[in-house]
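*Asks:* Here it is, the structure, as structure tokens.
There are 2 protein chains.
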Amino acid sequence: MLDYKIIEVKQSIFEDNDADANRLREELKAQNTVLINLMSAPGSGKTTTLCQTIARLKDSIRIGVMEADIDSDVDAATITEAGAPAIQIHTGGMCHLDADMTRQGLHELGTEDLDLVFLENVGNLVCPAEFDTGSSKNAMILSVPEGDDKPFKYPLMFSVCDVVLVNKCDTLPVFTEFSKERVVQRIHELNPNAKVIFVSAKTGQGFDEWTDWLRGLVEQHQ
Amino acid sequence: MLDYKIIEVKQSIFEDNDADANRLREELKAQNTVLINLMSAPGSGKTTTLCQTIARLKDSIRIGVMEADIDSDVDAATITEAGAPAIQIHTGGMCHLDADMTRQGLHELGTEDLDLVFLENVGNLVCPAEFDTGSSKNAMILSVPEGDDKPFKYPLMFSVCDVVLVNKCDTLPVFTEFSKERVVQRIHELNPNAKVIFVSAKTGQGFDEWTDWLRGLVEQHQ
Chain A
35 MLDYKIIEVK
45 QSIFEDNDAD
55 ANRLREELKA
65 QNTVLINLMS
75 APGSGKTTTL
85 CQTIARLKDS
95 IRIGVMEADI
105 DSDVDAATIT
115 EAGAPAIQIH
125 TGGMCHLDAD
135 MTRQGLHELG
145 TEDLDLVFLE
155 NVGNLVCPAE
165 FDTGSSKNAM
175 ILSVPEGDDK
185 PFKYPLMFSV
195 CDVVLVNKCD
205 TLPVFTEFSK
215 ERVVQRIHEL
225 NPNAKVIFVS
235 AKTGQGFDEW
245 TDWLRGLVEQ
255 HQ
Chain B
35 MLDYKIIEVK
45 QSIFEDNDAD
55 ANRLREELKA
65 QNTVLINLMS
75 APGSGKTTTL
85 CQTIARLKDS
95 IRIGVMEADI
105 DSDVDAATIT
115 EAGAPAIQIH
125 TGGMCHLDAD
135 MTRQGLHELG
145 TEDLDLVFLE
155 NVGNLVCPAE
165 FDTGSSKNAM
175 ILSVPEGDDK
185 PFKYPLMFSV
195 CDVVLVNKCD
205 TLPVFTEFSK
215 ERVVQRIHEL
225 NPNAKVIFVS
235 AKTGQGFDEW
245 TDWLRGLVEQ
255 HQ
């Protein structure tokens, strides 16, 4: 039987989330655990991306996943099936996670035997961008069907991300109005250091670049 | 030259948003103006849906649009080109609109000569569901690429909507895992009264049912 916990996180008691996030980042560094905060709009393919990532890395890197959702636990079930330990975090209606909520999740997941932990944040391009979770790096997914104009509309999200995965690239022939050049340009106008990787979590296209980047991060932390 | 205003709305001074929303609904009723609060995830096609709707109705119904966005004004420009008066509401980073912010927008747009006003809410399936804007009806768009599991994950949004437009139906042959039957069943489990209409804002498919529903609403209010 697949086994994963569902936990209900409480809103932070800390007034200063930024200071708490920096504390959590130091704690994770001391434990040699890399935490990736994965954000996107609803339906961009966060869970499918994680499944594809787990399949490619699980034999060499010890991966755990925290799935944040307002209500359901379908994602934790999917990740557990993919072969990584997972917990489901219920936010109780909250639209984002802060550092203390993330710490509660990490405590339940247990990080001692993990090299790499993904936090799948609530599907939302607005609120999660405003709260530092204490992660080592921020990653976001923009899917091709959403359009190449999203950096104009959610500028903070694109500004805080270290990596942008442009997902569902297998559908580029259908969404002919999406321009790869334009989206890179718009992302780099907001955030010149953002790494942009074109992928398809369905076909696996582009995943070598993403998993190489993850491997590099894990090696730096050891 | 295309002309539209950009206004910066302030957070509500009213503690009780529900009471304020009911007041706004009564004010609009007295003016024979129908207000539709249109919500969706980022990139589901709200603006394209409005352009297609305006093209079909503008000769018989006087339509105005309030475009809410955190930052850009690309949507108000697009709507103005489509032939309806529009204003751009900047929320100053806020992830939703409440009734008082909506009232500020209506005041700037001017409703005396309008039968039907659309509020294009911030692209977000979480926070806008929690705030009654005072609209006559709530409508949401779920696009096919987002997947048919979204009712599980954003149950409040599906619960508060009178109409769900399932958009980008022209891409159903590509997103073969999306089931029309399953999505209707999942929506109706949460909200048995929700009207579900399958459309494509790109091709115009399904729009007769949507515009008939809008015409009926406007007639009821006159």
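Read top to bottom, the protein sequences are chains A and B.
Quick note on numbering: the first sequence equals residues 35 to 256 in the working numbering.
Quick note on numbering: the second sequence equals residues 35 to 256 in the working numbering.
Note that beta-carbon positions come from the ideal geometry of N, C-alpha and C, so glycine has one too.
Bear in mind that the values here come from a model prediction, so they are computed numbers and not experimental data.
1. In three-state terms, what does DSSP make of B:LYS236?
2. Quick check: B:GLY126 and B:ILE104, are their CB atoms within less than 9 Å of each other?
3. Based on the DSSP output, what are the partners of A:PHE152 in its beta bridges?
4. What's the call for B:PRO226, buried or exposed, on a 16-neighbour Cβ count within 10 Å?
5. Are the beta-carbon atoms belonging to B:ASP149 and B:ARG96 less than 9 Å from one another?
6. Under 8 Å Cβ-Cβ, which residues of chain A neighbour B:GLY181?
7. Checking 9 Å against the spacing of the C-beta atoms, do A:GLY79 and A:LYS236 come in under that value?
8. Identify whether B:LEU140 lies in helix, strand or coil by the three-state DSSP scheme.
9. Whole angstroms are fine: how far does the CA of B:ILE113 sit from the CA of B:ASP84?
10. Could you tell me which residues DSSP pairs with A:GLU42 in its beta bridges?
11. So the candidates are B:MET174, B:LEU143, B:ASP242, B:LEU153; which of them puts its Cα closest to the Cα of B:GLN86?
12. Taking the CB atoms as reference points, tell me whether B:VAL217 and B:ASP182 lie closer together than 9 Å.
13. Could you list the residues in the stretch 54-83 of chain B with a C-beta less than 7 Å from some C-beta on chain A, going in chain order?
14. If you draw a straight line from the alpha carbon of A:ASP166 to that of A:MET191, how long is it in whole angstroms?
15. Measure the Cβ-Cβ separation of B:LEU159 and B:TYR188 and say whether it is below 9 Å.
16. Kindly say whether B:ASP37, judged by its beta-carbon, lies nearer than 9 Å to any beta-carbon of chain A.
17. Report the residues of the stretch 152-163 of chain A with a CB closer than 8 Å to any CB of chain B, ordered along the chain.
18. Against chain A, does B:ILE221 count as a neighbour if the rule is that its beta carbon must be under 9 Å from one of theirs?
19. Considering B:GLY173, what are the terminal residues of the beta strand (DSSP E) in which it resides?
*Replies:* Considering the structure as presented:
1. Looking at B:LYS236 - three-state DSSP - the assignment turns out to be coil, as it is neither helix nor strand.
2. Against a cut-off of 9 Å, the Cβ pair of B:ILE104 and B:GLY126 comes out as a contact.
3. Its beta-bridge partners are A:ILE70, A:VAL99.
4. It is exposed - the Cβ of B:PRO226 has fewer than 16 other Cβ atoms within 10 Å.
5. A Cβ-Cβ contact shorter than 9 Å links B:ASP149 with B:ARG96.
6. Within chain A, the C-beta atoms nearer than 8 Å to that of B:GLY181 come from GLY77, in chain order.
7. Closer than 9 Å, so yes.
8. Here B:LEU140 sits in helix by DSSP.
9. This sequence places Leu at residue 84 of chain B; Asp is not what is there. Between B:LEU84 and B:ILE113, the C-alpha separation is close to 8 Å.
10. A:GLU42 is bridged to A:HIS124.
11. Of the candidates B:MET174, B:LEU143, B:ASP242, B:LEU153, B:ASP242 places its Cα closest to the Cα of B:GLN86.
12. Cβ atoms of B:VAL217 and B:ASP182: closer than 9 Å.
13. Identification of residues in the stretch 54-83 of chain B having a C-beta nearer than 7 Å to some C-beta of chain A yields ALA75, PRO76, GLY77, given in sequence order.
14. The C-alpha of A:MET191 is placed about 11 Å away from the C-alpha of A:ASP166.
15. For B:LEU159 and B:TYR188, yes; Cβs fall inside 9 Å.
16. Not one chain A Cβ lies under 9 Å of B:ASP37.
17. Against chain B - using a Cβ distance shorter than 8 Å - the residues of the stretch 152-163 of chain A are VAL156, GLY157, ASN158, LEU159, VAL160, CYS161.
18. No, B:ILE221 lies away from the interface with chain A (no Cβ there is under 9 Å from its Cβ).
19. As written in the sequence, residue 173 of chain B is Ala, which differs from the Gly given in the question. Looking at the DSSP string, the run of the beta strand (DSSP E) that includes B:ALA173 is 171-177.
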